[in-house]
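Okay, so the sequence shown: first residue is 926 according to this note's numbering, each after it adds one.
These notes concern the structure reproduced below.
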Amino acid sequence: MASSRKWYAPYISPHDPCPPLTPVSYETPVQLYLGFQPKGMEQFSPFDALAHGTLWPGLYTPYTNPYKTKERG
(Lines of atoms letter the chains of each structure in order from A and count residues from 1; the text may use other names and numbers.)
(Lines give C-alpha, C1' and ligand atoms only; values in the text may rest on other atoms or scores of the structure.)
Protein backbone atom coordinates (compact mmCIF):
# COMPACT_ATOMS: atom_id res chain seq x y z
CA MET A 1 0.00 0.00 0.00
CA ALA A 2 1.22 3.49 -0.76
CA SER A 3 2.23 5.72 2.11
CA SER A 4 -0.23 8.43 3.08
CA ARG A 5 2.62 10.75 4.16
CA LYS A 6 4.16 12.76 1.31
CA TRP A 7 7.15 15.09 1.30
CA TYR A 8 8.22 17.92 -0.97
CA ALA A 9 10.91 20.59 -1.03
CA PRO A 10 9.40 24.08 -1.50
CA TYR A 11 10.98 26.69 -3.72
CA ILE A 12 13.25 28.93 -1.67
CA SER A 13 13.71 32.38 -3.12
CA PRO A 14 16.95 34.24 -2.46
CA HIS A 15 14.72 37.13 -1.30
CA ASP A 16 12.77 35.17 1.35
CA PRO A 17 12.95 37.00 4.69
CA CYS A 18 12.80 33.74 6.64
CA PRO A 19 14.00 30.36 5.44
CA PRO A 20 11.13 27.84 5.26
CA LEU A 21 11.11 24.39 6.81
CA THR A 22 12.44 21.82 4.38
CA PRO A 23 11.29 19.29 3.47
CA VAL A 24 7.58 19.89 4.10
CA SER A 25 5.21 17.00 4.78
CA TYR A 26 1.50 16.53 4.20
CA GLU A 27 -0.90 13.59 4.48
CA THR A 28 -3.24 12.29 1.82
CA PRO A 29 -6.47 10.58 2.85
CA VAL A 30 -6.38 6.78 2.86
CA GLN A 31 -9.59 6.71 0.78
CA LEU A 32 -7.50 7.71 -2.26
CA TYR A 33 -5.81 4.31 -2.22
CA LEU A 34 -8.84 2.15 -1.42
CA GLY A 35 -10.98 2.46 -4.55
CA PHE A 36 -14.32 0.74 -4.01
CA GLN A 37 -15.15 -0.56 -0.56
CA PRO A 38 -14.73 -4.35 -0.56
CA LYS A 39 -17.60 -6.54 0.65
CA GLY A 40 -17.38 -7.67 4.25
CA MET A 41 -14.75 -5.11 5.23
CA GLU A 42 -13.86 -5.34 8.93
CA GLN A 43 -15.63 -2.81 11.19
CA PHE A 44 -14.89 -1.28 14.57
CA SER A 45 -17.45 -1.61 17.35
CA PRO A 46 -19.62 1.52 17.62
CA PHE A 47 -17.68 2.74 20.67
CA ASP A 48 -14.29 2.21 18.99
CA ALA A 49 -15.57 3.78 15.76
CA LEU A 50 -16.40 6.99 17.65
CA ALA A 51 -12.97 6.95 19.31
CA HIS A 52 -11.14 6.40 16.00
CA GLY A 53 -13.32 8.68 13.85
CA THR A 54 -14.16 5.97 11.31
CA LEU A 55 -16.11 2.73 11.17
CA TRP A 56 -13.46 0.82 9.21
CA PRO A 57 -9.99 0.00 10.57
CA GLY A 58 -8.62 0.13 7.03
CA LEU A 59 -9.40 3.85 6.87
CA TYR A 60 -7.95 4.72 10.27
CA THR A 61 -4.66 6.60 10.19
CA PRO A 62 -3.48 8.07 13.49
CA TYR A 63 -1.68 11.39 13.25
CA THR A 64 2.04 11.21 13.81
CA ASN A 65 4.18 14.31 13.94
CA PRO A 66 6.73 13.88 11.13
CA TYR A 67 9.04 16.55 12.55
CA LYS A 68 9.59 14.63 15.80
CA THR A 69 10.86 11.48 14.08
CA LYS A 70 14.41 11.01 12.91
CA GLU A 71 13.61 9.23 9.65
CA ARG A 72 11.91 11.18 6.87
CA GLY A 73 10.55 9.26 3.95
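A virtual CB, placed ideally from N, CA and C, is assigned to each residue, including glycine.
query, result
"Leaving out the 5 sequence neighbours to the left and right, which residues in its chain are closer than 6 Å to Tyr985 when beta-carbon positions are compared?", "His977, Thr979"
"Secondary structure at Tyr985, three-state DSSP: helix, strand or coil?", "coil"
"Between the Cα of Pro944 and the Cα atoms of Glu952, Val955, Thr953, Ala934, which residue gives the shortest distance?", "Ala934"
"In angstroms, rounded to a whole number, what distance separates the CA positions of Asp941 and Gly983?", "41 Å"
"On the DSSP bridge assignment, give the partners of Ser950 in chain order.", "Trp932"
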